[in-house]
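Novice: Provided herewith is a single structure, encoded as structure tokens, for subsequent inquiry.
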Amino acid sequence: MHLGFPYDREEDAQNPRKWMWAVDAWTYHFDGALRRLETTLHIELRTNSAEEEIDIWRLDVVPLRLLDERFLQILQDRGRTFWQCRKSRFVSYLDKDADVSYHEGERFMVDFQAYKDANPDSLDSPDGLFGSKMPDYIFETDQPPAEPDLLLMPSEVVGFQLRTNKWKHLKVDRVEDVHWDYRAFDHLIMNPDWKGLIESLVTTRLDAEHRTDVPFNKGNGLVMLLRGASGTGKTYTAEAAAEKAGRPLYHIDCSDLGTKPDQIKANLQTVFKRAKQWGCILLFEDIDVFLAPRARDDADCNARASVFSHGLEYHDGIVILTSTSCSLFDKALISRVRLTIYYPPLSKLQRSELWHSFFVRLADFMPFGIDVLNLRRHLNVFAECELNGRQIRNALTTARQLAQFNDERLGFEHLRRAILLTMGFDLSAE
1 MHLGFPYDRE
11 EDAQNPRKWM
21 WAVDAWTYHF
31 DGALRRLETT
41 LHIELRTNSA
51 EEEIDIWRLD
61 VVPLRLLDER
71 FLQILQDRGR
81 TFWQCRKSRF
91 VSYLDKDADV
101 SYHEGERFMV
111 DFQAYKDANP
121 DSLDSPDGLF
131 GSKMPDYIFE
141 TDQPPAEPDL
151 LLMPSEVVGF
161 QLRTNKWKHL
171 KVDRVEDVHW
181 DYRAFDHLIM
191 NPDWKGLIES
201 LVTTRLDAEH
211 RTDVPFNKGN
221 GLVMLLRGAS
231 GTGKTYTAEA
241 AAEKAGRPLY
251 HIDCSDLGTK
261 PDQIKANLQT
271 VFKRAKQWGC
281 ILLFEDIDVF
291 LAPRARDDAD
301 CNARASVFSH
311 GLEYHDGIVI
321 LTSTSCSLFD
331 KALISRVRLT
341 IYYPPLSKLQ
351 RSELWHSFFV
361 RLADFMPFGI
371 DVLNLRRHLN
381 VFAECELNGR
391 QIRNALTTAR
401 QLAQFNDERL
411 GFEHLRRAIL
421 LTMGFDLSAE
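Residues in the sequence shown are numbered from 1 upward in steps of one, following the UniProt record's numbering.
Spelled out as structure tokens, the structure:
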């Protein structure tokens, strides 16, 4: 440690001097490998003289031996969590800024190599000098290193959010294991025969992945097409199936794949590669642009459909397609589909079941913040309102926020106001 010195030398009895100490230190930096990063920490302090005694907790940097046990535990937990994420890991993230309505946290795939491949020019260059790299025989072991190395693991990792397809820096302290919602499939409201068929096809396909006697070549994937109007349960079917299977669900909006065949091909190659590496179930939403029959005078349209069909043929995982179209289709693409299900508009009975299902799930999520009995008494009133599944979910989210803002339990009046103000339905007139 370098000795402190005052860097305001003007004598002023009214204003204490600023003093600074420079402390040589090192930590670990992660760039796909763990490397020592040697740096200098600065301790600044205002005091009247060098002899004045001050509380050590006024310093920006304090010795490890003086830390409270709970702070030491935080560093130990952070080190162990980072060690689990140093390669590739699917995690749940408690983002304080996100509106997490019906599950514990947002899902991210932590994979630094994939991040480097996607963003080769955006890697951080921290201040300091790089020292030695952690030996491979330590880095490759499942057991995290001993202290003090364990306490010096990075505080952030980068993760890919499979719902929005965006990379984000994650605080390691907020990273947790994924807790699969195996009951989500039970809440799926659809024909029991279709429901059973989806479960059996997904389960059988995943079981085959663990067998060594099953060759995987083209045409071995499972492709399902879910068709129907918005808010009828297509996306939730995919989400529930993924939760039941314990697999990440990789959302792709087909409009984000591009418009030119070469662009679509390159993006699809990235998507299929990631899905295979991460063991994802793929969800392509709104694939209508690829379903239209081919036309002689539209070369780009034909090429887009051909590129997409070819990609499906050679992907050996599970793919779920959703479409709002019920008539137009490309024959080559449809030939790749194992199962097609049509989702009609929700009936009153289905709306009642859906409302009840949401109430049950919200009660699990916020047991002391919802008046379930009050809401159930008005179940028939809610069911009369011709809302689709997406509108029902949005109404509940708005109502919950109204209740939280007023520090009240979520009840009928909050939901009535949310539906009236956002959708124009007056439930009081029912």
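Glycine included, every Cβ here is placed at the ideal spot set by N, Cα and C.
Could you name the residues of the same chain whose beta carbon sits closer than 6 Å to that of K265, not counting the 5 residues immediately before and after it, in chain order?
Specialist: V307
Novice: Would you call the region 160 to 180 in contact with the region 48 to 55, where contact means no fewer than 3 C-beta pairs closer than 8 Å?
Specialist: no
Novice: Is the beta carbon of A399 closer than 8 Å to that of L410?
Specialist: Against a cut-off of 8 Å, the Cβ pair of A399 and L410 comes out as a contact.
Novice: Within its chain, find whatever has a CB closer than 8 Å to the CB of H42; leave out the 5 residues flanking it on each side and keep chain order.
Specialist: Apart from sequence neighbours up to five positions away, the residues of its chain that approach H42 with a beta-carbon distance below 8 Å are M20, W21, A22, V23 and D60, ordered along the chain.
Novice: Quick check: what's the CA-CA separation for G246 versus Y137?
Specialist: 31 Å
Novice: Rounded to whole angstroms, what's the CA-CA distance from F284 to Y28? Just pull it up for me.
Specialist: 39 Å
Novice: Taking the alpha helix (DSSP H) that E140 falls in, what are its first and last residues?
Specialist: DSSP places E140 outside any alpha helix (DSSP H), giving it a letter other than H or E.
Novice: Where S309 and L321 are concerned, what is the direct C-alpha to C-alpha distance, given to the nearest angstrom?
Specialist: In a straight line, the C-alpha of S309 is about 12 Å away from that of L321.
Novice: Just to confirm the assignment, what range does the beta strand (DSSP E) spanning T40 have?
Specialist: L34 to T47
Novice: Considering residue 461, what are the terminal residues of the alpha helix (DSSP H) in which it resides?
Specialist: This structure cannot settle anything about residue 461, because the visible part of the chain is limited to 1 through 430.
Novice: Under a Cβ-count criterion, where at least 16 other Cβ atoms within 10 Å of its own Cβ denotes burial, should S255 be classed as buried or exposed?
Specialist: exposed
Novice: Please work out which residues of its chain come closer than 6 Å, Cβ to Cβ, to I189, disregarding the five sequence neighbours upstream and downstream, and give them in chain order.
Specialist: Q350, E353 and L354
Novice: Out of V110, I318 and R417, which one is the CA nearest neighbour of S200?
Specialist: I318
Novice: In this structure, does DSSP put F30 in helix, strand or coil?
Specialist: strand
Novice: What does V289 pair with, by DSSP beta-bridge criteria?
Specialist: Partner(s): none; V289 has no beta bridge.
Novice: Does the beta-carbon of K260 have 16 or more other beta-carbons within 10 angstroms, so that it is buried, or is it exposed?
Specialist: exposed
Novice: Give the straight-line distance between the Cα atoms of Y182 and W167, rounded to the nearest whole angstrom.
Specialist: 27 Å
Novice: Please name the residue, chosen from K234, R107 and A363, that lies closest to Y93 on a Cα-to-Cα basis.
Specialist: If we check each option's Cα against that of Y93, R107 comes out closest.
Novice: Does the beta carbon of D142 sit closer than 8 Å to a beta carbon anywhere in chain B?
Specialist: In the displayed structure, chain B is absent; only one protein chain is listed.
Novice: Name the residue from N119, G311, R417 and D407 whose alpha carbon lies nearest to the alpha carbon of L333.
Specialist: Of N119, G311, R417 and D407, the residue nearest in Cα terms is G311.
Novice: What's the gap between the Cα of I370 and the Cα of F359?
Specialist: 8 Å
Novice: Between the Cα of L362 and the Cα atoms of Y343, I341 and I392, which residue gives the shortest distance?
Specialist: With distances taken between Cα atoms, L362 lies closest to I392.
Novice: Once the 5 residues before and after I74 are set aside, which same chain residues still bring their CB inside 8 Å of it?
Specialist: D173
Novice: Pull up the distance between the alpha-carbon of L257 and that of K273, whole angstroms please.
Specialist: 15 Å
Novice: With three or more beta-carbon pairs closer than 8 Å as the criterion, would you say the region 114 to 132 touches the region 66 to 84?
Specialist: no
Novice: Provide the residue(s) that pair with T322 in DSSP beta bridges, ordered along the chain.
Specialist: In the DSSP secondary-structure assignment, T322 is bridged to L226.
Novice: Please go through the same chain and pick out, in chain order, the residues whose beta-carbon is closer than 7 Å to the beta-carbon of R390, but skip the five residues on each side of it.
Specialist: S230 and G231
Novice: Please list, in chain order, all residues of the same chain as A418 whose beta carbon is under 7 Å from its beta carbon, the five residues on each side excluded.
Specialist: A395, T398, A399 and L402
Novice: Assign I56 to one of two classes, buried (16 or more other C-beta atoms within 10 Å of its C-beta) or exposed (fewer than that).
Specialist: Looking at its Cβ environment, which holds fewer than 16 other Cβ atoms inside 10 Å, I56 is exposed.
Novice: For F160 versus A208, is the C-beta distance shorter than 8 Å?
Specialist: no
Novice: Would you check if the distance between the CB atom of C385 and the CB atom of F425 is smaller than 8 Å?
Specialist: Cβ distance < 8 Å, so C385 and F425 count as in contact.
Novice: Apart from the five residues just before and just after K234, which ones in its own chain have a Cβ nearer than 7 Å to its Cβ?
Specialist: The residues are L226, G228, T322 and Y343.
Novice: I need the straight-line Cα distance from Q404 to D186, nearest angstrom please.
Specialist: 28 Å
Novice: Applying the criterion that 16 or more other CB atoms from any shown protein chain within 10 Å of the CB defines a buried residue, is L129 buried or exposed?
Specialist: Taking all protein chains in view, the Cβ of L129 is surrounded by fewer than 16 other Cβ atoms within 10 Å, so the residue is classified as exposed.
Novice: According to the Cβ coordinates, are V202 and A238 closer than 8 Å?
Specialist: Against a cut-off of 8 Å, the Cβ pair of A238 and V202 comes out as no contact.
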